[in-house]
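Chemist:
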Amino acid sequence: MVGYWLIFSLTACIVIIAGYKLAAFGDIIAKQSNIGGTWIGLMFLAVITSLPELVTTMTGGAIDAPQIAIGNALGSNLFNIAIIGVADFLLLGRGPLLLKVSNNHSASGALAILLTAVAMVGMTIGPSGEIFRVGTITLMIISLYTGGMWFLYRLEKKQAVMDIGEELSFPVVPQASSAEEGPEERQDKPVEMSFRRAVLWFALCGALIFGAGVSLIFASNEIAIHTGLSASFVGAIMVAVATSLPELVVAVGAIKLGAYDMIIGNMFGSNMFNIATIFFADMAFRRGAILPAVEQAAPDLLVIGALGIALTTIAVAAIIYRSQRRILGVGVSSILILIVYLISIYIIAT
57 MVGYWLIFSL TACIVIIAGY KLAAFGDIIA KQSNIGGTWI GLMFLAVITS
107 LPELVTTMTG GAIDAPQIAI GNALGSNLFN IAIIGVADFL LLGRGPLLLK
157 VSNNHSASGA LAILLTAVAM VGMTIGPSGE IFRVGTITLM IISLYTGGMW
207 FLYRLEKKQA VMDIGEELSF PVVPQASSAE EGPEERQDKP VEMSFRRAVL
257 WFALCGALIF GAGVSLIFAS NEIAIHTGLS ASFVGAIMVA VATSLPELVV
307 AVGAIKLGAY DMIIGNMFGS NMFNIATIFF ADMAFRRGAI LPAVEQAAPD
357 LLVIGALGIA LTTIAVAAII YRSQRRILGV GVSSILILIV YLISIYIIAT
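Residue numbers for the sequence shown follow my numbering, beginning at 57 and rising by one.
This is the structure in structure tokens:
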């Protein structure tokens with residue numbers, strides 16, 4: 057038991073360090089390319105930080121533990137939205153966080169809600185047919201995810217073109233060149249990392265997070281088993297929090313960089329990808345479609361899914377309505393998210 061706690065602690069440290077650096081390299085890539093911080097978070101960071109969830113969900117399907125597989129996907133989404141509330145507190149009175157981000161995030165949040173709802177339908181209607189041993193509802197999920205990501209990419213590119221048009225309409229007065237700067241200014245100016253080097257370091261940090269994330273999942277599973285907790289609780293709380301640690305660390309790093317769009321893009325993107333991992337779990341599952349196989353655990357998992365939709369709806373509503381209401385410098389929506397999350401944990405645990 058002590059050995060598992062040691063593995064958990066060491067791998068958590070690796071995830072913290074690599075995740076913090078991942079945000080910095082992602083910010084450099086966003087600035088030196090036409091991709092943008094939102095898409096970096098929505099696609100690249102979301103997939104990399106969700107690799108532990110992918111491994112866990114697929115493993116749950118392979119070992120005939122559908123409750124842990126689906127519980128991890130849905131539970132991770134709960135924790136990811138709670139990270140938005142935590143990030144707002146870390147702004148130290150400079151919030152609300154959701155007021156600082158692009159309206160386009162409302163589309164990605166809505167897609168995350170849709171994917172979760174489809175997964176919940178798959179758990180309630182029972183067997184609905186299979187294609188190559190994969191459930192039709194699961195195939196619908198991966199199709200919606202793929203089509204949704206294409207739509208979000210087009211939306212982000214359109215926004216980038218509009219931003220460029222605004223810059224051309226209102227040109228910025230050029231700053232003094234480096235030749236006109238004094239020696240002290242040139243000395244204090246940080247050297248920008250090259251795009252290629254940033255990509256290499258980004259990939260390396262992603263690999264470290266993946267490797268450490270797998271060990272983190274193993275250790276947290278063993279700890280949970282020795283404590284005698286239920287499979288649904290293990291998947292939705294213990295393993296979900298452990299696998300979502302990369303998202304939390306990346307969010308902290310992005311706050312220091314002021315990359316707020318990257319934070320929200322990462323959270324909503326991770327939530328979409330987490331539901332998409334059910335497709336891979338279904339491929340590894342040997343008893344037919346995985347969603348109807350949750351059986352007795354379905355009511356618990358439906359509650360978790362509904363709570364995840366509620367949290368995401370709060371975040372999306374805050375982005376759309378642009379509320380400036382704060383309590384002690386923290387957005388009211390972020391406080392509400394954390395309150396609902398704590399209530400969710402209580403409901404799941406009891």
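Yeah, the Cβ is synthetic: ideal placement off N, Cα and C, and Gly gets one too.
(1) Enumerate, from N- to C-terminal direction, the unbroken alpha helix (DSSP H) stretches of 4 or more residues contained entirely within the region 122 to 176.
(2) For Phe145, I'd like the list of residues in its chain whose CB is within less than 6 Å of its CB, leaving aside the five on either flank, ordered along the chain.
(3) Does DSSP classify Arg381 as helix, strand or coil?
(4) Could you check where the alpha helix (DSSP H) with Met114 kicks off and where it finishes?
(5) With a threshold of 8 Å on Cβ separation, who are the neighbours of Gln243 within its own chain once the five nearest residues in sequence on each side are excluded?
(6) Do you know how far the Cα of Leu398 is from the Cα of Pro152?
(7) Can you name the start and end residues of the alpha helix (DSSP H) that Leu62 belongs to?
(8) Under 8 Å between the Cβ atoms of Leu367 and Val396?
(9) What do you reckon, are the CB atoms on Ala371 and Ile393 nearer than 8 Å?
(10) With 16 other CB atoms within 10 Å as the buried threshold, where does Trp61 fall?
(11) Contact check, Thr113 vs Thr333 under 8 Å by CB: the rounded distance?
(12) Pull up the distance between the alpha-carbon of Ser184 and that of Arg343, whole angstroms please.
(13) For Ile320, collect the residues of the same chain with a Cβ closer than 6 Å to its Cβ; drop the 5 residues on either side in sequence, then sort them by chain order.
(14) Does Gly182 come out as helix, strand or coil in the three-state DSSP assignment?
(15) Assuming Phe341 and Pro122 are in contact, meaning their beta carbons sit under 8 Å apart, how far apart are those beta carbons, in whole angstroms?
(16) Note down the Cα distance separating Ser250 from Trp257, rounded to an integer number of angstroms.
(17) For Gly364, which of Lys87, Ile391 and Ile137 has the nearest alpha-carbon?
(18) Count Cβ pairs between the region 69 to 85 and the region 298 to 310 that sit closer than 8 Å; are there 3 or more?
(19) Per DSSP, what kind of secondary structure is Ser234 in: helix, strand or coil?
(20) Ala175 and Leu347 look like a contact to me (Cβ under 8 Å); what is the Cβ gap, rounded to whole Å?
(21) Given a cut-off of 8 Å on the beta-carbon distance, is the pair Gly116 and Ala337 in contact?
(22) Near Thr192, which residues of its chain fall below 6 Å by C-beta distance, leaving aside the five closest residues on each side in sequence?
(23) Does the distance from the CB of Gly182 to the CB of Phe324 come in under 8 Å?
(24) By how many angstroms is the C-alpha of Glu212 removed from the C-alpha of Val111?
(25) Could you tell me how far apart the beta carbons of Ser390 and Thr105 are, in whole angstroms, since I believe they sit closer than 8 Å?
(26) Rounded to the nearest angstrom, what separates Ser89 and Ala74 at their Cα positions?
(27) Do Thr67 and Ser379 have their C-beta atoms within less than 8 Å of each other?
(28) Distance, Cα to Cα, Gly361 vs Ala143?
(29) Once you ignore the five residues that flank Glu240 on each side, which residues in its own chain have a CB closer than 6 Å to its CB?
(30) Could you give the distance in angstroms between the alpha-carbon of Met196 and the alpha-carbon of Phe100?
(31) Just tell me which of Asn159, Val58, Arg150 and Ile124 has its CA closest to the CA of Leu208.
(32) With a CB to CB cut of under 8 Å and the five nearest residues on each side skipped, what residues in its chain are close to Leu200?
Modeler: Considering the structure as presented:
(1) The region 122 to 176 contains these whole alpha helix (DSSP H) runs: 122 to 146.
(2) Spatial neighbours of Phe145 in its own chain (CB-CB distance under 6 Å, excluding positions within 5 residues in sequence) are listed in chain order as Val386.
(3) Coil.
(4) Where Met114 is concerned, the enclosing alpha helix (DSSP H) starts and stops at Leu107 to Ala118.
(5) Below a pLDDT of 50, predicted positions are generally treated as unreliable, and Gln243, at 41, falls in that range; the measurement from the model is reported next regardless. No residues qualify anywhere along the chain.
(6) Those two C-alpha atoms are separated by around 20 Å.
(7) Looking at the DSSP string, the run of the alpha helix (DSSP H) that includes Leu62 is Val58 to Lys87.
(8) Yes. Within cutoff.
(9) It is a contact, given that the beta carbons lie within the stated cut-off.
(10) Answer is exposed; the Cβ neighbour count stays below 16.
(11) About 4 Å; that satisfies the 8 Å criterion.
(12) For Ser184 and Arg343, the distance between alpha carbons rounds to 14 Å.
(13) Excluding the 5 residues flanking it on each side, Ile320 has same chain C-beta neighbours closer than 6 Å at Val157 and His161, in chain order.
(14) If DSSP states are grouped into helix, strand and coil, Gly182 belongs with coil.
(15) Between Pro122 and Phe341 the Cβ distance is about 7 Å, and since that is below 8 Å, they are a contact.
(16) Straight-line spacing of the CA atoms in Ser250 and Trp257 works out to 11 Å.
(17) The shortest C-alpha separation from Gly364 is found at Ile137.
(18) Touching, per the Cβ criterion.
(19) At Ser234, the pLDDT of 39 sits below 50, so the modelled position is not reliable and the matter cannot be decided from this model.
(20) Right, the Cβ-Cβ distance comes to about 7 Å (below 8 Å), so this counts as a contact.
(21) With contacts defined by Cβ atoms closer than 8 Å, Gly116 and Ala337 form a contacting pair.
(22) The beta carbon of Thr192 lies closer than 6 Å to those of Ser184 and Gly185 in the same chain, with the five residues before and after it left out.
(23) Judged by beta-carbon spacing, Phe324 lies beyond the 8 Å limit of Gly182, meaning their Cβ atoms are not closer than that value.
(24) Going by the C-alpha atoms only, they are around 29 Å apart.
(25) Rounded to the nearest angstrom, the Cβ distance from Ser390 to Thr105 is 20 Å, too far for a contact under 8 Å.
(26) Rounded to the nearest angstrom, the two C-alpha atoms are 22 Å apart.
(27) Cβ atoms of Thr67 and Ser379: not closer than 8 Å.
(28) Between the C-alpha atoms of Gly361 and Ala143 there is a straight-line separation of about 23 Å.
(29) A caution first: Glu240 carries a pLDDT of 42, below 50, which makes its placement in the model too unreliable to give a value.
(30) Rounded to the nearest whole angstrom, the CA to CA distance from Met196 to Phe100 is 23 Å.
(31) When each option's Cα is compared against that of Leu208, the closest is Asn159.
(32) Within the same chain, Leu200 has close Cβ partners Leu167, Leu170, Leu171 and Val174.
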